[in-house]
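Using numbering that gives the first Met the number 0, the first residue of the sequence shown is number 0, and each one after it goes up by one.
Just so it is clear, CB atoms sit at the ideal spot from N, CA and C, and this is done for glycine as well.
All values reported here derive from a predicted model rather than from experimental measurement.
Comments concern the structure below.
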Amino acid sequence: MERMARKIEINHDKCIQCVGCASVCPVMAIELVGLRMKTYPEKCIGCGACVRVCPANCIRFVEKRE
Ligand code: SF4
Ligand code: SF4
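As structure tokens, this is what we get:
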């Protein structure tokens, strides 16, 4: 059965690739791939650590089906 879950979304235009989000994520749901942060929504547990640490304020939560 489908359910809605809180997932992160990165505004790549504002991201400065500091990798802070990836370093605090407890489940490795974000990593730097080339010059862009890649997210793995299926891994994200919605803890909010990346949102709090982002210096560019470019991560937000969205509701997605999983
Ligand atoms: S909300 Fe938590 S689990 Fe999800 S990507 Fe951010 S730090 Fe990782
Ligand atoms: S913490 Fe913010 S600015 Fe830094 S890499 Fe992650 S999304 Fe980009």
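Nearest neighbour of residue i, chosen from the options [CA to CA]
| i | options | result |
| --- | --- | --- |
| V26 | C57, T38, E62, I58 | T38 |
| V61 | I44, P54, C14 | I44 |
N- and C-terminal bounds of the beta strand (DSSP E) containing residue i
| i | result |
| --- | --- |
| A21 | Segment 19-23 is the alpha helix (DSSP H) holding A21; no beta strand (DSSP E) there. |
| E30 | 29-32 |
Cβ distance (whole Å) where residue i is taken to contact residue j below 8 Å
| i | j | result |
| --- | --- | --- |
| V57 | N10 | In the sequence on display, residue 57 carries Cys and not Val. Right, their Cβ atoms sit about 4 Å apart. |
| Q16 | M36 | 7 Å |
Same chain, Cβ closer than 7 Å to residue i, five either side skipped, listed in chain order
| i | result |
| --- | --- |
| V67 | An answer regarding residue 67 cannot be provided, because it is not within the stretch 0 to 65 covered by the chain. |
| P40 | K6, K63 |
Residues of its chain near residue i, where Cβ-Cβ distance is below 6 Å and the 5 sequence neighbours each way are ignored
| i | result |
| --- | --- |
| E30 | A21, K37 |
| D12 | none |
For residue i, the first and last residue of its enclosing alpha helix (DSSP H)
| i | result |
| --- | --- |
| P55 | Pro is not the amino acid found at residue 55; the sequence shown has Ala there. Note, A55: premise wrong, no alpha helix (DSSP H); not H, not E. |
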